[in-house]
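Asks:
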Amino acid sequence: MTDPIILLDNRPSIGQGNHPDATKKHHDWIKSLVTTIQAIQLKIEEQARIIAEQKAEIDQLKVKALNSASNLRECSKYNKVYINPDKTPTERAGEAKLRQRRNELNQSLPFGNDSNKKQKNSTSNSLNSQSFIRSNEGINKLTCYYTNATSLSNKINELKVLLTQFSYDLIGITWFKSDSLCKINGYNHFSRDRQGAVGGGVIIYVKDLFKSYEVNDIKRDISIKINDIIKHAKSFVDQKKFNCLLILGDFNFPNIHW
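Mapping of the sequence shown onto the working numbering: residues 61 to 318, in sequence order.
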């Protein structure tokens with residue numbers, strides 16, 4: 061289809077000679093209309109260019125905000141502010157339906173009604189290292205699952221669904237907070253909070269088929285060098301206190317000498 065503006069702009073001239081006033085008036089009106097429409101088109105093109113530039117700038121700011129979102133958790137004033145990628149109403153509605161369906165399926169999972177209730181640490185000082193080794197003789201391997209969970213309480217159902225598919229002996233989770241503590245039937249757990257900061261704690265779930273306990277006769281300092289504690293942990297094996305070690309932590313430091 062031919063652009064009507066081109067047709068108007070290339071209209072034939074009325075030519076020389078005497079013409080009725082109505083013809084001249086009509087010609088001038090068309091000329092004015094073409095000029096006005098062309099001016100509006102230029103404004104639209106300029107606005108489209110500005111919108112495109114602003115959209116690119118907004119997209120860059122979104123990426124920057126998402127990359128820096130985790131820094132908000134370090135500030136107590138904003139530690140309950142969460143930044144997530146923008147989604148359309150259709151995407152949000154679709155995710156809501158998926159979450160609802162997930163929760164419905166989770167209700168039938170083989171976990172107790174109190175599976176989300178908090179539970180105190182299962183520790184015992186009466187057991188010794190040698191009895192631990194003897195009580196678990198015949199075990200030649202362990203299956204372990206490790207993840208860095210920003211908010212365990214919001215992901216506990218996902219974890220339980222995973223446990224219906226895989227039978228893990230040990231589950232290690234970092235970026236743990238005490239208010240995220242959740243019980244998982246069939247497991248004992250041991251946790252350690254990060255003092256004076258948000259997150260950064262660790263929690264270990266151990267299948268209750270094992271006799272597990274927390275070794276707390278070693279004095280813990282507020283600050284300790286990771287390489288030193290790893291070296292100290294290796295000495296347990298050398299002294300035959302344990303036949304193997306699993307070291308778990310939120311180690312955000314380079315050049316660790318394992």
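Just so you know, even glycine gets a beta-carbon here, dropped at the ideal spot from N, CA and C.
Small disclaimer: the values here were computed from a predicted structure and weren't measured.
(1) Are there 16 or more other CB atoms within 10 angstroms of the CB of residue 266, so buried, or fewer, so exposed?
(2) My output table needs one value for residue 92: the three-state DSSP class, helix, strand or coil.
(3) As a quick exercise: from 270, 271, 275 and 248, pick the residue whose alpha carbon is nearest that of residue 264.
(4) Please check if any C-beta of chain B sits within less than 9 Å of the C-beta of residue 85.
(5) Determine the burial state of residue 96: buried for a count of at least 16 other Cβ atoms within 10 Å of its Cβ, exposed for fewer.
(6) Taking only three categories from DSSP, how would you classify residue 227?
(7) Below 9 Å between beta carbons: does that hold for residue 204 and residue 231?
(8) So, is residue 273 buried or exposed, given that buried needs 16 or more other C-beta atoms within 10 angstroms?
(9) What did DSSP end up calling residue 207 once you bin it into helix, strand or coil?
Replies: The answer reads as follows:
(1) Against the sequence shown, residue 266 aligns to sequence position 206. Classification of residue 266: buried, given that the 10 Å Cβ count is 16 or more.
(2) To locate residue 92, count along the sequence shown from 1; it is residue 32. It is helical.
(3) On the sequence shown, position 204 is the one that residue 264 refers to. With distances taken between Cα atoms, residue 264 lies closest to 248.
(4) In the structure shown, chain B cannot be found, because there is only a single protein chain.
(5) Here residue 96 corresponds to residue number 36 of the sequence shown, with the count starting at 1. Answer is exposed; the Cβ neighbour count stays below 16.
(6) Numbered from its first residue, the sequence shown carries residue 227 at position 167. Looking at residue 227 - three-state DSSP - the assignment turns out to be coil, as it is neither helix nor strand.
(7) Counting from one through the sequence shown, the residue named residue 204 turns up at place 144. Counting from one through the sequence shown, the residue named residue 231 turns up at place 171. A contact, by the Cβ cut-off of 9 Å.
(8) As a first step, residue 273 is located in the sequence shown; it is residue number 213 there, counting from the start. Residue 273 is buried by the Cβ-count criterion.
(9) Residue 207 sits at position 147 when you count from the first residue of the sequence shown. For residue 207, the three-state secondary structure derived from DSSP is strand.
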